[in-house]
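Remarks on the structure that follows.
Protein chains in written order, with the numbering used here: chain L, 1 to 243; chain S, 1 to 243; chain C, 1 to 243; chain X, 1 to 243; chain U, 1 to 243; chain G, 1 to 243.
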């Protein structure tokens, strides 16, 4: 199975990081191709930036989709997820949606721990949009300085777990860790949290494989396999062909 | 990977049917063991019957759990699903929950087609309980006589698709087929529906494999691995040990 | 009027305690028969335990229902309440549902004070399931050690009222006290709280009497007076006869 | 026990009709005093008319409250109910609220059958305001001509039951009959409906008695027993004294 | 354009204050006539007081409506707003509704800062009633003593901004300032808050002008231009003529 | 006052049509500049197309924003509205949001009449996203063939009003007409509908003027006046400067 992991951020290093995490959880035989948006922002933090990133992600999806069985939209907040679902001929999975679904599949309520509180408005909208308002206990943000995303887990691990504990105390049955700097942290937090800890990238890989296998076995049909031939203007050819 | 498919109905023939459907979509290397509730009802139709079926299902789960990586609770309506999730040391997946999550992963709103309108109250409660109230366009029921569940698909196929079309006309982006007699019908309905058609059993297998793989790779930790040692009374020993 | 108070916990001392509280508020001429579940847990604390308790409660209900005008399901969290409502030929009332309805009947928003935070997930689900999400300000738990439930009120009374005051400060117009150790505490808290204080047991008695009187006067008809004759397997005879 | 039934409509004949229905379901020893608003409208049909009726109802409540244990606000739509609850020193019960609570206490979803579709906006707001949006399947209105409210039940009984059946087919587990001309019709509809049929007046009496008994036994304290001494202008003295 | 600003409080000084603020934001050519309720309360703080104020406000509206293009109901909490909308032949705008709509038009979630926490229940109901439950982050109240409303802004300005900052930290994208003593404070708070600050009076003027212009240009038709001729009793003539 | 009306469709004729309607309702002294997206689709019908249109609209906004006091995003469905609100230094108003707010300002529930049912999914998402789920009675679509948008009103006027009447019968207190071919139809429908009829373009102009005037008078501060200087890649310069 071939998964196309699209990073809507323009930073290739983040793509590499997420592909590495994705490979940890992928089934044997699954290949993961990482592609990076060419236009947009190094690190998306707001809904407005995500709005720019969505078609930029679609552009590189359109160029690379051939031969892939599913697409992972690899930025928590899932820019353009709903829109892509009804456009592409293969399943599309977002990090936020997959994480929240997995959280719901392991408990009743969840909390979200992430990097910076300036991302809350964008994340909150994702929670509401996917219909998880009543299941989401709330957010906690690290709001601490760091130079490279790699150092976050080591330097602030304890503090991050403390934020997660706060949310458990408020009634969270599981914790979602959001944002590339926290990718993989869930793998070491399980014991101390005593509730399931969920990583968006991992959850998205598992969901993408599940949906792709459903398609392969004929269990999921009716995805939009042919374009409508809708006339467009100014779109790159591979992208225009999808409509 | 070994999945334990538990039929909360007491009819072994239904178990066989569901295991057969489950195997169609299972990944290579996945084994599926079907077990059937010993106490309860041949075919659950109401919430009260489901209430009896839930611990009866847990009883056979407790006896057979050893060596399995995930549990599929194989009756749409998912008797005891929420409760089992926080009790068992492995992921538990329900047909209704998996189908509705898969529907949400392929579109915005879904409709549910099933067998008999006397099941609506039970199903409606499942929709609301899993938080899909705003995503569910509504129900359509076949309400037609049949002798054996095998004959339903052939005899009423066209009528069932017409019910699905009604829901698409009301705004459904995908259709969930619910109930053992409709198991597998989605595999042939995709083209005519032009929206994704989702089968609870298939969706549950895909979800169970996804969650189990997350556990295996360390991506999902924090499930309740050890019992609390809670004192109980009158429970069969294997079941008592889970608490 | 004869009310059947069923304690889904297996501890007869709790049954006695709840019957005693129930009798305080019962109308003249109302008799209250307490019965205790034979199987399950001494003190239910989680949804999974409640799932076991529900049919165990139904078992003793089925044996003792004859001659009773209504059933009180006497554990906050109301195991199996929705399910029993459409099964039994008499009204069934739960402590949580009755308390939250009474709270809604005296103000707009309410808060819930109870014993231990490990019960929150179960209680939260009850709040959501009964549709009181928007009316419930939140929870406060005592989380303090005690040996016998009788000592809680005396030893921690002040602290319990302080928790209630917190919820009033957050916008609660009334306070629900949940859990057998707090039964009756509302009777002494009214003045200091300055908002209505509601006890689940008392509220349930009042509701049960009200519904039973409606049945007696012909004002509430259409309860499921005859069983469907549904075939079952492995159920105790009195219970099987209800389906 | 003494109940004050206040008719917010200015038609004394409706008051008499409602008191008569109320007495059918009242417990032995309960007296029901009917009072009629002096200002407002003969038969309230809209929210704007209800807005006028609310203080007019309070005016006659203030004059007659002495010696009564609870107040029944006897117009479906419950003009001023929320407001009165936090003002009066005794429980206040509304027809719509009591009927919807009773419906919820006997099943999961309910439908409402009433007289004229021009009342829908007002009733819909009551449903939403009391938080029953998710529980209410919908409305059906008779919309047929009649001269005296007494003739409605006899002349249109079959048609009214057919409307109720429609709602059952849409998933209603119980039916609420709303509006004075339908008062009492539930008493004869139970059998044919096969789901509980609920009458607002009857439900309100039962609720009022239940709450009043809770107050009498000390089980419900914290109602606003003393006025705040808030200065007012232009209010009739008995009414002014309540603030 | 002529706007009728109705103060449902009986304090003329508040009317003057609100008219002054209203004139700051009014378009050139807009005149604002302030009228004050004759009956009711000097300063409404609860839902029960608002219930009295609503028809008192309608009474002075009815007397003064002639020649006005829209009505501003000038008390946050908007007593009778929904009811008046379908009664009056011109648009009616409330301070709370206009402020929350403006907040929603500038961001996703908002918080509300006001004077005294005893107003919370009334305000909360307004938030829920207008459907802004999911958009409202929460409340903060000053709860500080003052003699004249004029002094509040100067004496407590910093503290008020700190309360607003709290709500921004909890995820508010904009802040609504509610209550006459805070009227106008938003004009100086913008910079320090870094999120939009919204004043109910200003928002209401802007909305009233917008709706009135829609009517003038034929863009908004179908308002209830003629009364139904509904018979009433005991209503002042100008008011009776509206029904 | 200068309003920038941006048509996210690439068809200039639609822009002209909408500017013409906008001018009908604009206040004296308001100028309206129409600009048309250069990239995207002649007529947006789905969420995926809207996703492409959103940054294309921002591109022409960025080029033309100078000297304008507010932006009207002139396609029902409001592509990118939430995102633009927190980015641009002036108020941004969408047709769907403005229409639904105006509908809510004139009644309790509304219905939406539009052109083609293939737009329902996109529109439904807009309704849910803006929080109007509980206020929206439902949709009706014309689904009839036409050559030029100008002919729709004349050719199908009666049928369109009939669809609106259906929604009124289902409980709508006002009707929103959506889609450029229906622009202006509300001006002639008022009388026959007997409920307010609302046009998105008109409502958006009124809202844009109201918000812009609030900014001019200092009543609305805190809009994002300065860009964050966020580094971007591949964005046209005027657009990049906004971040």
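For each residue, glycine too, the CB sits at the ideal point set by N, CA and C.
Legend entry - Beta-carbon contacts of residue 62 of chain G that lie in its chain and below 8 angstroms, excluding the five residues immediately before and after: Sequence index remark: in the sixth chain, residue 62 of chain G carries index 62 (1-based). Counting only Cβ-Cβ distances below 8 angstroms, and skipping sequence neighbours, we find 236, 238, 239, 241, 242.
Inset, instruction - Return no unless some Cβ of chain U is closer than 8 angstroms to the Cβ of residue 55 of chain X. - result: The count along the fourth chain starts at 1 and reaches residue 55 of chain X at position 55. Put simply, the CB of residue 55 of chain X is near chain U, with a gap under 8 angstroms to one of its CB atoms.
Inset, instruction - Measuring only between beta-carbons, confirm whether residue 100 of chain G sits less than 8 angstroms from chain U. - result: Taking the first residue of the sixth chain as 1, we reach residue 100 of chain G at position 100. With 8 angstroms as the cut-off, residue 100 of chain G does not count as an interface residue toward chain U.
Legend entry - residue 147 of chain U burial status per 10 Å Cβ neighbour count (16 or more: buried): On the fifth chain, position 147 is the one that residue 147 of chain U refers to. Exposure of residue 147 of chain U is indicated by the presence of fewer than 16 other C-beta atoms within 10 angstroms of its C-beta.
Legend entry - CA nearest to the CA of residue 6 of chain S, picked from S:78, S:25, S:24: Start at 1 with the first residue of the second chain, and residue 6 of chain S comes out as number 6. For residue 6 of chain S, the nearest C-alpha among the options comes from S:78.
Legend entry - Range of the contiguous beta strand (DSSP E) that encloses residue 138 of chain U: Along the fifth chain, one-based indexing puts residue 138 of chain U at 138. Its beta strand (DSSP E) spans residues 136-141.
Inset, instruction - Pull up the distance between the alpha-carbon of residue 194 of chain L and that of residue 88 of chain S, whole angstroms please. - result: For the purposes of this step, residue 194 of chain L is identified with residue 194 of the first chain, where counting begins at 1. For the purposes of this step, residue 88 of chain S is identified with residue 88 of the second chain, where counting begins at 1. Looking at the two C-alpha atoms, the distance is approximately 14 angstroms.
Legend entry - Three-state secondary structure (DSSP) of residue 7 of chain X: Your numbering for residue 7 of chain X matches position 7 in the fourth chain. It is a strand residue.
Inset, instruction - Report the rounded CA-to-CA distance for residue 108 of chain X versus residue 219 of chain C, giving the unit in angstroms. - result: Residue mapping note: residue 108 of chain X aligns to position 108 of the fourth chain, counting from 1. Residue mapping note: residue 219 of chain C aligns to position 219 of the third chain, counting from 1. Approximately 19 angstroms, taken between the alpha carbons.
Inset, instruction - Would you tell me roughly how many angstroms separate the C-alpha atoms of residue 22 of chain U and residue 13 of chain X, rounded to the nearest one? - result: Position 22 of the fifth chain holds residue 22 of chain U. Position 13 of the fourth chain holds residue 13 of chain X. Residue 22 of chain U and residue 13 of chain X have their C-alpha atoms spaced approximately 48 angstroms apart.
Inset, instruction - Would you mind telling me which residues of chain U sit closer than 8 angstroms to residue 198 of chain G, beta carbon to beta carbon, in chain order? - result: Here residue 198 of chain G corresponds to residue number 198 of the sixth chain, with the count starting at 1. Within chain U, the residues near residue 198 of chain G are 220.
Legend entry - Separation of residue 112 of chain L from residue 123 of chain L, as counted between CA atoms: For the purposes of this step, residue 123 of chain L is taken as the residue at position 123 of the first chain. For the purposes of this step, residue 112 of chain L is taken as the residue at position 112 of the first chain. Distance between the alpha carbons of residue 123 of chain L and residue 112 of chain L: 9 angstroms.
Legend entry - Backbone CA spacing between residue 36 of chain L and residue 185 of chain L [nearest angstrom]: Walking along the first chain from the start, residue 36 of chain L turns up at place 36. Walking along the first chain from the start, residue 185 of chain L turns up at place 185. Their Cα atoms are separated by approximately 23 angstroms.
Inset, instruction - Can you grab the Cα-Cα spacing for the pair residue 167 of chain G / residue 198 of chain C, in whole Å? - result: As a working note, residue 167 of chain G is residue 167 in the sixth chain. As a working note, residue 198 of chain C is residue 198 in the third chain. Their Cα atoms are separated by approximately 43 angstroms.
Inset, instruction - Sort L:141, L:73, L:179 by Cα distance to residue 150 of chain L and report the nearest one. - result: One-based indexing of the first chain puts residue 150 of chain L at position 150. Here the closest residue by C-alpha is L:179.
Legend entry - Neighbour flag for residue 109 of chain C against chain U, beta carbons, 8 angstroms: Counted from its first residue, the third chain places residue 109 of chain C at position 109. By this cut-off, residue 109 of chain C is an interface position.
Inset, instruction - Measure the alpha-carbon distance for residue 10 of chain L versus residue 33 of chain L and round it to whole angstroms. - result: Position 10 of the first chain holds residue 10 of chain L. Position 33 of the first chain holds residue 33 of chain L. Residue 10 of chain L and residue 33 of chain L: Cα-Cα distance of roughly 16 angstroms.
Legend entry - Distance between residue 139 of chain X and residue 129 of chain U (C-alpha atoms, nearest Å): Within the fifth chain, residue 129 of chain U is the residue found at index 129, counting from 1. Within the fourth chain, residue 139 of chain X is the residue found at index 139, counting from 1. Their backbone Cα atoms lie some 20 angstroms apart in a straight line.
Legend entry - Every unbroken beta strand (DSSP E) inside the segment 67-127 of chain U [3 residues or more]: Along the length of the segment 67-127 of chain U, whole beta strand (DSSP E) runs at least 3 residues long occupy 70-73, 92-94, 110-114, reported in chain order.
Legend entry - Contact set between residue 166 of chain C and chain L, taken where Cβ atoms lie within less than 8 angstroms: Stepping through the third chain from its first residue, residue 166 of chain C is reached at position 166. Under the 8 angstroms cutoff, chain L gives no residues; its nearest Cβ is about 14 angstroms from residue 166 of chain C.
Inset, instruction - Output yes if chain L places a C-beta closer than 8 angstroms to the C-beta of residue 41 of chain G; else output no. - result: As a position in the sixth chain, residue 41 of chain G is number 41, starting the count at 1. With 8 angstroms as the cut-off, residue 41 of chain G counts as an interface residue toward chain L.
Inset, instruction - With 8 angstroms as the C-beta to C-beta threshold (strictly closer), list the residues of the segment 108-131 of chain X near chain G in chain order. - result: 117, 120, 121, 124, 125, 128
Inset, instruction - With 8 angstroms as the threshold, decide whether the Cβ of residue 171 of chain L is near any Cβ in chain C. - result: In the first chain, the residue the question calls residue 171 of chain L occupies position 171. So, interface residue.
Inset, instruction - Please confirm whether residue 48 of chain U and residue 208 of chain U have their CB atoms less than 8 angstroms apart. - result: The sequence position of residue 48 of chain U within the fifth chain is 48, counting from 1. The sequence position of residue 208 of chain U within the fifth chain is 208, counting from 1. Not a contact, by the Cβ cut-off of 8 angstroms.
Legend entry - Proximal residues to residue 51 of chain C (C-beta, below 8 angstroms), its chain only, five neighbours per side dropped: Your numbering for residue 51 of chain C matches position 51 in the third chain. Excluding residues within five positions, the ones whose Cβ falls inside 8 angstroms are 79.
Inset, instruction - Indicate whether at least one CB of chain X lies closer than 8 angstroms to the CB of residue 133 of chain S. - result: For the purposes of this step, residue 133 of chain S is identified with residue 133 of the second chain, where counting begins at 1. Judged by the 8 angstroms Cβ criterion, residue 133 of chain S is in contact with chain X.
Inset, instruction - With a 10 Å radius around its C-beta and 16 neighbouring C-beta atoms as the bar for buried, classify residue 98 of chain X as buried or exposed. - result: Counted from its first residue, the fourth chain places residue 98 of chain X at position 98. Burial call: buried.
Inset, instruction - Could you tell me the distance, in whole angstroms, from the CA atom of residue 228 of chain G to the CA atom of residue 181 of chain L? - result: Start at 1 with the first residue of the sixth chain, and residue 228 of chain G comes out as number 228. Start at 1 with the first residue of the first chain, and residue 181 of chain L comes out as number 181. Each residue's Cα considered, the two are about 22 angstroms apart.
Inset, instruction - Taking C-beta pairs closer than 8 angstroms, name the residues in chain U that residue 93 of chain G reaches, listed in chain order. - result: Here residue 93 of chain G is taken as the residue at index 93 of the sixth chain, counted from 1. Within 8 angstroms Cβ-Cβ: 105.
Legend entry - Contact test: residue 110 of chain U Cβ vs the ligand HEM heavy atom, cutoff 7 angstroms: Only the bare structure without any ligand can be found here, which leaves the ligand HEM out of the picture.
Inset, instruction - Quick one: measure Cβ to Cβ for residue 103 of chain S and residue 176 of chain S, integer angstroms, because I've assumed they're closer than 8 angstroms. - result: Counting from one through the second chain, the residue named residue 103 of chain S turns up at place 103. Counting from one through the second chain, the residue named residue 176 of chain S turns up at place 176. Right, the Cβ-Cβ distance comes to about 5 angstroms (below 8 angstroms), so this counts as a contact.
Legend entry - Beta-carbon proximity of residue 2 of chain L to residue 67 of chain L, cut-off 8 angstroms: Mapped onto the first chain, residue 2 of chain L falls at position 2. Mapped onto the first chain, residue 67 of chain L falls at position 67. A contact, by the Cβ cut-off of 8 angstroms.
Inset, instruction - Kindly indicate which residue of G:39, G:30, G:44, G:200 has the alpha-carbon position closest to the one of residue 120 of chain G. - result: Taking the first residue of the sixth chain as 1, we reach residue 120 of chain G at position 120. Ranked by Cα distance from residue 120 of chain G, the options G:39, G:30, G:44, G:200 are led by G:44.
Inset, instruction - Kindly list, in the order they appear in chain S, the residues whose Cβ is closer than 8 angstroms to that of residue 151 of chain C. - result: Taking the third chain and counting its residues from 1, one reaches residue 151 of chain C at position 151. Those within 8 angstroms of residue 151 of chain C in chain S number zero; the least Cβ separation is about 21 angstroms.
Inset, instruction - Return the CA-CA distance between residue 157 of chain G and residue 143 of chain G, expressed in angstroms with no decimal places. - result: In the sixth chain, counting from the first residue as 1, residue 157 of chain G sits at position 157. In the sixth chain, counting from the first residue as 1, residue 143 of chain G sits at position 143. Cα-Cα distance, rounded: 13 angstroms.
Inset, instruction - Go ahead and label residue 234 of chain L buried or exposed: buried means 16 or more other beta carbons lie within 10 angstroms of its beta carbon, across all protein chains shown. - result: The residue labelled residue 234 of chain L in the question sits at position 234 within the first chain. When all chains shown are included, residue 234 of chain L counts as exposed.
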